[in-house]
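K.L.:
In this note's numbering, the protein residues as written are 59 to 446.
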Amino acid sequence: MSAVTSFSIAERFSDVGFSEIVIIRNKILAMKREGHQIFQFEGGEPFPNTPQIIKDACSQALADNKTRYAPSSGIPELLAALTAKLNKKNKIPAESSHVIVVAGGMHGLFAAFQAVLDPEDEVLLFSPYWTPTKDLISMTGGKTVLVNTLKAIKEGISATLKAHLTSKTRLLCLSSPQNPTGIVFNKEQMQEIANFVQTHNLLVISDEAYEDIVYDQEHISIASFPEMYRRTLSCFTFSKSYAMTGWRLGYTVAPEPFITAMKQSVLYSTNGVSTPTQWAGLAAITQVSGFMEENLAIYRQRRDLLVNGLNELGFDCAMPGGAFYAFPSIKRFGKSSREVAAMLLSEAKIATVPGNVFGPDGEGHLRFSYSVSVETIAAGLEALRKFA
Ligand SMILES: Cc1ncc(COP(=O)(O)O)c(C=O)c1O
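1. Measure the alpha-carbon distance for SER117 versus PRO334 and round it to whole angstroms.
2. Quick check on the burial criterion: 16 or more other C-beta atoms within 10 angstroms. Buried or exposed for GLU180?
3. Could you say which of GLY380, PRO386 and ALA115 lies nearest to GLY413 if we only look at CA atoms?
4. Using the C-alpha atoms, what's the distance from LEU442 back to ALA406?
5. Does the Cβ-Cβ distance between TYR268 and PRO235 come in under 8 Å?
6. Within the present structure, is the beta-carbon of MET377 separated from the nearest heavy atom of ligand 1 by less than 7 Å?
7. Does DSSP classify HIS423 as helix, strand or coil?
8. Under DSSP, the alpha helix (DSSP H) around TYR357 begins and ends at which residues?
9. Measuring from the CB of SER233, is there a heavy atom of ligand 1 at a distance below 7 Å?
10. For a test of the three-state rule: what should DSSP assign to LEU183, helix, strand or coil?
11. Any heavy atom of ligand 1 closer than 7 Å to the CB of ALA267?
12. Counting pairs of Cβ atoms below 8 Å between the stretch 324-340 and the stretch 142-161, do you hit three or more?
13. In the DSSP assignment, find the alpha helix (DSSP H) that holds VAL398 and state where it starts and stops.
14. Could you say which of ARG289, GLN249, GLY101 and ASN145 lies nearest to LEU260 if we only look at CA atoms?
15. What three-state label does DSSP hand ALA128 in the structure shown?
16. Using a 10 Å radius around the Cβ and a threshold of 16 neighbouring Cβ atoms, would you call ARG361 buried or exposed?
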């Protein structure tokens with residue numbers, strides 16, 4: 059261990075990483091500046107622009123001088139609309155005082171982990187996982203225990219989870235649909251997870267960022283199962299559902315005592331989300347219709363095109379049940395995911411994310427986003443052909 063000096067950072071930051079995706083993005087930008095055309099599959103953004111009605115609501119809020127401090131947990135109008143949405147769509151039995159507005163899914167997860175984890179607490183995390191999740195856990199001093207999702211599905215979820223359980227296990231972190239794999243847990247699997255956490259008296263942090271991008275079943279919120287609400291902190295975001303990634307708007311729902319701790323975490327981090335953005339969020343929840351359904355049909359078409367194309371080229375790729383990522387195997391190259399991603403970028407101008415960015419269980423894969431145009435998918439597949 060290094061000696062602590064006046065210039066040391068807090069010990070718990072020693073295990074916190076910086077997003078490798080940013081490094082990849084910088085490389086792509088440099089290549090574009092040199093004049094290369096890049097087939098960009100590395101992103102994590104919905105393809106549409108934010109609906110006009112949402113932007114108009116923000117402009118109106120500015121015109122109406124709704125620009126002053128709002129309650130740090132959210133404006134009452136938005137909290138009421140979110141509570142109604144959570145009750146109806148997610149079947150989460152929340153009261154309005156259990157809902158808070160946060161600065162995107164990331165901030166909701168930050169507040170949730172801060173609220174419940176003490177140093178050395180262990181978190182069961184399905185893996186491969188969305189990279190920041192592990193860093194958010196590390197920032198509390200907590201420890202991540204990876205649970206391979208495919209192994210759990212194949213060999214039994216409870217048995218696999220149980221093999222990772224210790225006396226320090228405090229909570230299970232669940233994300234369905236999952237990023238990067240697109241895996242969606244079905245109702246029986248969710249029930250099994252619910253039974254497991256109840257048997258072992260664990261809490262759940264449920265990341266539902268992709269709740270509106272689920273192809274062949276209804277999205278299921280684990281907090282809707284009987285007896286689950288009291289032990290679940292559920293995190294939602296406007297980013298993917300309403301194409302609002304840059305607005306930084308999300309919400310979380312949890313019962314007491316957790317929600318008070320989360321409110322404190324928000325109060326002492328951002329002191330709330332910008333007021334005009336919250337009015338825009340209200341328009342999103344109450345006035346946008348048909349947007350998600352239209353996008354879902356487009357995502358499905360692009361998913362099928364990319365995944366079938368990858369399989370035809372010999373990249374073994376499971377059909378994702380949700381989100382907008384494909385996660386094909388690149389094992390036949392006999393190289394690391396980092397090497398294959400670098401090779402595809404330099405030799406075929408195809409940008410992807412190496413699977414190991416999403417933890418050791420992601421090694422042997424690349425993440426492709428299909429939230430890109432049909433033309434990009436077709437041209438990208440064509441460029442991949444030389445590696446078939
Ligand atoms: C699984 C998952 N959870 C949460 C988020 C956070 O979304 P945001 O902070 O943009 O609202 C993302 C974003 O990519 C994600 O992929």
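The C-beta atom is built at its ideal place from N, Cα and C for all residues, glycine as well.
P.N.:
The answer reads as follows:
1. 8 Å
2. buried
3. PRO386
4. 7 Å
5. yes
6. no
7. strand
8. 349-370
9. yes
10. strand
11. yes
12. yes
13. 395-406
14. ARG289
15. coil
16. buried
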